[in-house]
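Note that numbering that gives the first Met the number 0 numbers the sequence shown so that position 18 is 17, with each residue one more than the last.
Note sheet for the following structure.
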Amino acid sequence: MNRFRFDCNTKQPEPVPGHCFRLFPRGGRIKALVFLLLFLPLVLSGCWDHREVEDLGIVLLTAVDAAPEGRVRLEVQVLVPTAVAGGGGITGMGGGGGGGGRKRYRNLATEGRTVFEAIRRLSMESPRELFFAHNQVILISEKLAREKGVAEVMDFFERNRQFRRDTWILVARGDPRDIMEVPVHLEVTPAQNIVGVIKNQELSARFAPTRLGEFAKMLESSGVEPYTAILEAVPNEAFSRMSMHPAGTGPAPFHNMKLTGTAVFRRDRLVGWLNEQEARGLLWVRGEVRGGPITFSLPGSRGEQKLAVEILRAGRGGVKLEPFLTGGQPGMRVKIITRVNLTESENLEVDLSNPQVISRLEKQLAGVIKQEVMACVTRLQEEYRTDVLGFGEAVHRKYPRVWRQVEREWEDVFATMPVTVEVKTVIRRTGLINKPLRPAGTQEVGYMNISKEGNVRWRLFCSAWSLSSSSPCRFRP
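So this is what it looks like as structure tokens:
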């Protein structure tokens with residue numbers, strides 16, 4: 000048999016080994032090998048555009064503020080690698096650092112007619128090329144957001160390939176320079192401290208920080224206005240004069256970074272703030288509540304007594320926006336379903352093993368959530384006339400013809416549209432105990448807890464005995 004005409008699909012009792020690999024004659028294999036050798040350099044281009052990390056200035060935070068004569072003031076926070084050597088790098092735990100007490104970051108600032116021009120001017124001060132791929136936070140000053148708007152500066156951040164869409168964008172209340180110089184102890188740089196505060200906000204669910212990509216999407220969308228959280232340098236409540244003692248571990252900072260509210264926009268301009276209660280109402284409607292506490296009161300024998308619950312992850316699946324039409328005008332029905340765990344009860348009269356008591360608590364909690372949502376809706380409709388709730392998007396999806404009629408005057412329609420809120424809450428767990436914790440020696444009479452006088456006297460006697468003797472109290476008075 001001709002070895003070059005061997006067919007592997009032909010059934011033979013004992014095929015000759017190696018014939019299936021002889022697909023080409025010897026001359027053809029040489030040509031194929033030469034072709035691969037010439038083709039590979041075209042697809043393996045190598046690192047022709049590489050940049051050594053030692054030549055880059057890694058930017059972690061960018062702040063934009065308004066400057067005179069329509070200019071912008073740009074300030075960036077650059078990591079100092081030699082100061083953080085051994086301290087965990089960019090993503091490490093940080094804290095002590097390794098630079099012998101050296102400052103682990105450096106702030107550079109300049110002005111320009113545009114953001115890009117300001118960045119190029121910074122190259123005249125920085126010994127390294129500024130690299131923004133690791134930028135974590137963008138701060139926009141309140142002055143710039145109110146007077147000039149954010150559309151012009153957002154164009155650069157969206158267009159530049161080094162800025163990631165998951166970068167946090169915040170509004171700085173006050174001077175951004177003050178925030179960028181707040182000393183930190185648990186992190187390497189203020190930028191990392193800000194990111195940590197943002198991530199922990201899910202434990203309270205009272206603020207609404209937004210990422211760059213989502214903010215730009217809302218800015219360009221019809222039917223929803225952008226919003227994001229407010230960052231501010233506030234006095235440190237833990238500051239003490241004793242912390243400044245020379246023998247101490249180090250002075251506590253005068254100020255801390257804190258999220259203090261939510262900024263709402265109309266188109267690209269800042270129009271106002273939402274407080275903590277109103278901001279959580281916004282998060283309820285947007286389906287962004289993933290945790291946090293709720294405290295409410297119940298009447299008791301000792302007045303109003305508080306109960307606290309922890310919100311379980313609700314997410315977008317627990318919220319439905321149902322537009323409806325009344326007389327040809329759109330309205331909105333908001334339905335919220337959430338589950339919680341009871342974490343604390345000051346009311347000693349509540350028996351959590353009783354299903355009727357649990358049902359009453361669920362209704363009380365639903366009323367509290369409804370108040371938060373309506374507080375947000377009222378502020379947005381009556382004062383700011385801006386739809387950051389996304390009601391316009393919901394109307395557009397369900398009634399596209401109606402939306403085309405009201406789109407241009409949506410601000411007026413939103414300000415007067417009726418809104419109803421329906422909340423259903425479920426208490427899943429009550430903790431390790433069902434009945435409230437009562438002091439020893441008390442008994443429940445109806446809804447009152449009365450101490451037994453004999454037991455009180457016995458405990459007073461044992462307390463005095465224990466102070467005067469090391470032996471246990473075994474005698475009754």
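No residue lacks a Cβ here, since even glycine has one placed at the ideal position from N, Cα and C.
So, with DSSP's three-state summary, where would you put W323? According to the sequence shown, residue 323 is Phe rather than Trp. Here DSSP, grouped into helix, strand and coil, assigns F323 to strand.
As an exercise, report each continuous alpha helix (DSSP H) stretch of at least 4 residues that is fully enclosed by the stretch 128 to 215, in chain order. Complete alpha helix (DSSP H) runs here, min 4: 141 to 146, 150 to 158, 175 to 179, 189 to 199.
Please state whether DSSP places G317 in a helix, a strand or coil. DSSP places G317 in helix when its eight states are reduced to three.
Quick check on DSSP: helix, strand or coil for D411? When secondary structure is reduced to three states using DSSP, D411 falls in the helix class.
Spatial neighbours of E382 in its chain, beta-carbon cut-off 8 Å, leaving aside the 5 residues before and after: If we look at E382 and ignore the five residues flanking it on each side, its Cβ neighbours are G271.
Going by DSSP, what residues sit across from W272 in a beta bridge? In the DSSP assignment, the residues bridged to W272 are A262.
Leaving out five residues before and five after T259 in sequence, what residues of the same chain have Cβ atoms less than 6 Å from its Cβ? Excluding five sequence positions before and after T259, the CB atoms of its chain that fall closer than 6 Å to its own CB belong to I229, E231, given in chain order.
Given a threshold of 16 other Cβ atoms within 10 Å of its Cβ, counted over all protein chains shown, does E161 qualify as buried or as exposed? One point to set straight first is that residue 161 is Gln, not Glu, in the sequence displayed. So Q161 counts as exposed.
Do you know how far the Cα of R359 is from the Cα of E157? One C-alpha to the other measures close to 50 Å.
Secondary structure of A66, DSSP reduced to three states: Note: A66 maps to coil in three-state DSSP.
With 16 other CB atoms within 10 Å as the buried threshold, where does L73 fall? With at least 16 other beta carbons inside 10 angstroms of its own, L73 counts as buried.
Exposed unless 16 or more other CB atoms sit within 10 angstroms - verdict on Q404: Q404 is exposed by the Cβ-count criterion.
On a Cα-Cα basis, can you pick out the residue from G326, S220, E151 that is closest to F115? It is E151 whose Cα lies nearest to the Cα of F115.
Could you check what DSSP says for G111 in three-state terms: helix, strand or coil? Here G111 sits in strand by DSSP.
Can you give me the C-alpha to C-alpha distance between S344 and L282, rounded to a whole angstrom? Roughly 26 Å between the two C-alpha positions.
Apart from the five residues on each side of it in sequence, which residues of its chain come closer than 8 Å, Cβ to Cβ, to G212? Correct list, in chain order: R164, D165.
From the DSSP secondary-structure annotation, give me the bridge partner or partners of I310. Its beta-bridge partners are V339.
Among I29, R332, Q380, V288, whose alpha-carbon lies nearest the alpha-carbon of D411? Of I29, R332, Q380, V288, the residue nearest in Cα terms is Q380.
Taking C-beta to C-beta, are E141 and A171 nearer than 8 Å? Closer than 8 Å, so yes.
Other residues of its chain near A307: CB distance less than 6 Å, five sequence neighbours each side excluded: If we look at A307 and ignore the five residues flanking it on each side, its Cβ neighbours are P292, T294, T342, E343.
Using a threshold of 8 Å, state whether the C-beta atoms of V263 and T109 are closer than that. Contact: no.
Any idea which residues DSSP pairs L297 with across the strands? L297 pairs with Q304.
Taking buried to mean at least 16 other C-beta atoms within 10 Å of its own C-beta, is L39 buried or exposed? L39 sits exposed, since fewer than 16 C-beta atoms from the chains shown fall within 10 Å of its C-beta.
Given 8 Å, three or more beta-carbon pairs between the stretch 213 to 226 and the stretch 390 to 403: Using a C-beta cut-off of 8 Å, the stretch 213 to 226 makes contact with the stretch 390 to 403, since at least three inter-stretch Cβ pairs fall below that distance.
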